[in-house]
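Positions 9 to 195 (the numbering used here) are the ones given, in order, by the sequence shown.
Below: the structure, in C-alpha cells.
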Amino acid sequence: MDFNELNGKIKSCTNCRLHKSRINSITGEGNFHAGIMIIAQAPGKDEDSIGKMFIGPSGKIFDRLLLNAGIRREDIYLTNLIKCYLPKCRRPSKNEIEQCSTYLDKEIEIIDPKLIVTLGFHATRYIFKKYNLNRPPKKEYKNLFGKQFYAKNRIIFPVRHPTAVLFNPEKEEILQENYNQIRKILS
Ligand code: SF4
Numbered sequence: 009m010d011f012n013e014l015n016g017k018i019k020s021c022t023n024c025r026l027h028k029s030r031i032n033s034i035t036g037e038g039n040f041h042a043g044i045m046i047i048a049q050a051p052g053k054d055e056d057s058i059g060k061m062f063i064g065p066s067g068k069i070f071d072r073l074l075l076n077a078g079i080r081r082e083d084i085y086l087t088n089l090i091k092c093y094l095p096k097c098r099r100p101s102k103n104e105i106e107q108c109s110t111y112l113d114k115e116i117e118i119i120d121p122k123l124i125v126t127l128g129f130h131a132t133r134y135i136f137k138k139y140n141l142n143r144p145p146k147k148e149y150k151n152l153f154g155k156q157f158y159a160k161n162r163i164i165f166p167v168r169h170p171t172a173v174l175f176n177p178e179k180e181e182i183l184q185e186n187y188n189q190i191r192k193i194l195s
C-alpha cells in the first residue's frame, strides 16, 4: 500500500464512531523520506475544520518550538494517533485507538523513521506498547518525557504535548530543551 491508497482509506474511513462527528479526517503530512516522525494525539477543532495538522493554538506553539530548535516542518513527517477530531477534545477510547492505530502502523512501516517522537500520554503509551517497552503506571508517564528509548532500529523520544504550554506557559522552556535535543539526535 502506498501513501495515496492509505490516505484515501483514512479520508473515507468509517471504522469507528468518530466518523459521525468529524468534518475532516486528517492524514499525516510532511516529508515522506524524513528520518523523524512526530506523533500527536488527535486533530483539534481548527484542524478538523480546515483539514490540516497543527494549525490551531497548539500548532502555533509546536511551530515555535521547531523554529527555535532549527528544525523545519518540511523535514519531518507529522501525524496523529487518532485521525478524527475527538468531540470536546476528550480522551480516545480503547476501541478508537485499536481501530485507528492500524493507519499509524502503516505510516511507520512506509516512512521507516530513525526517530519517533511521541507527543503526550496516549501516543507515548501506544508506541511503548507496540515496541514492547516497559510501560509505567499512567501518573508516571511524565517521567519518560525528554528521555531516549531504543526499539529495534529506532529511537523513541517521548515529550509533552505542546497543549501543556497553553495550560502552563512555564512548560515551554523544558519543551524547548527537548526539541533542541531532537535536532541533536538527528544531526
Ligand atoms: S478515528 Fe480513525 S478509525 Fe475512527 S473513523 Fe476516523 S480514521 Fe477511521
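Positions of the beta carbon are idealized from the N, C-alpha and C atoms, including for glycine.
Remember, it's a predicted structure, so these values are computed and weren't measured experimentally.
Of all C-beta pairs linking the segment 107 to 117 to the segment 144 to 154, fewer than three are shorter than 8 Å, placing the two stretches out of contact. By the Cβ test, the segment 132 to 141 is not in contact with the segment 173 to 182, since fewer than three Cβ pairs between them sit closer than 8 Å.
Proximity of the segment 60 to 70 to the segment 20 to 31 falls short of the contact definition, fewer than three beta-carbon pairs being nearer than 8 Å. Burial state of D56 is buried, judged by a 10 Å Cβ sphere holding 16 or more other Cβ atoms. Apart from sequence neighbours up to five positions away, the residues of its chain that approach S33 with a beta-carbon distance below 7 Å are I18, K19, C21, K91 and C92, ordered along the chain. DSSP places T132 in the uninterrupted alpha helix (DSSP H) bounded by F129 to K138.
Where N88 is concerned, the enclosing beta strand (DSSP E) starts and stops at Y85 to N88.
Chain-ordered, the residues whose CB falls short of 7 Å from any heavy atom of the ligand SF4 come out as I18, C21, T22, N23, C24, L26, H27, R30, S33, I90, K91, C92, E104, Q107, C108 and Y111. A buried status is given to Y85, since no fewer than 16 other beta-carbon atoms sit within 10 Å of its beta-carbon. Counted as a single uninterrupted DSSP element, the stretch harbouring Y187 is not any beta strand (DSSP E) but the alpha helix (DSSP H) occupying residues K179 to L194. Bounds of the alpha helix (DSSP H) holding I69 are P65 to A77. Comparing C-alpha distances from L152 to each of R162, N186, N39 and D120 shows the shortest one belongs to N186. In this structure, R162 sits away from I119, with a CB-CB distance that is not shorter than 7 Å. In the displayed model, T35 falls within coil according to three-state DSSP, outside both helix and strand. Rounded to whole angstroms, the separation of the alpha carbons of A172 and N76 is 18 Å. With respect to Q49, G154 sits apart: the two C-beta atoms are not nearer than 7 Å. With 16 or more neighbouring CB atoms inside 10 Å of its own CB, M45 falls in the buried class. Nearest C-alpha to N15 among N103, Y149, T87 and K160: T87.
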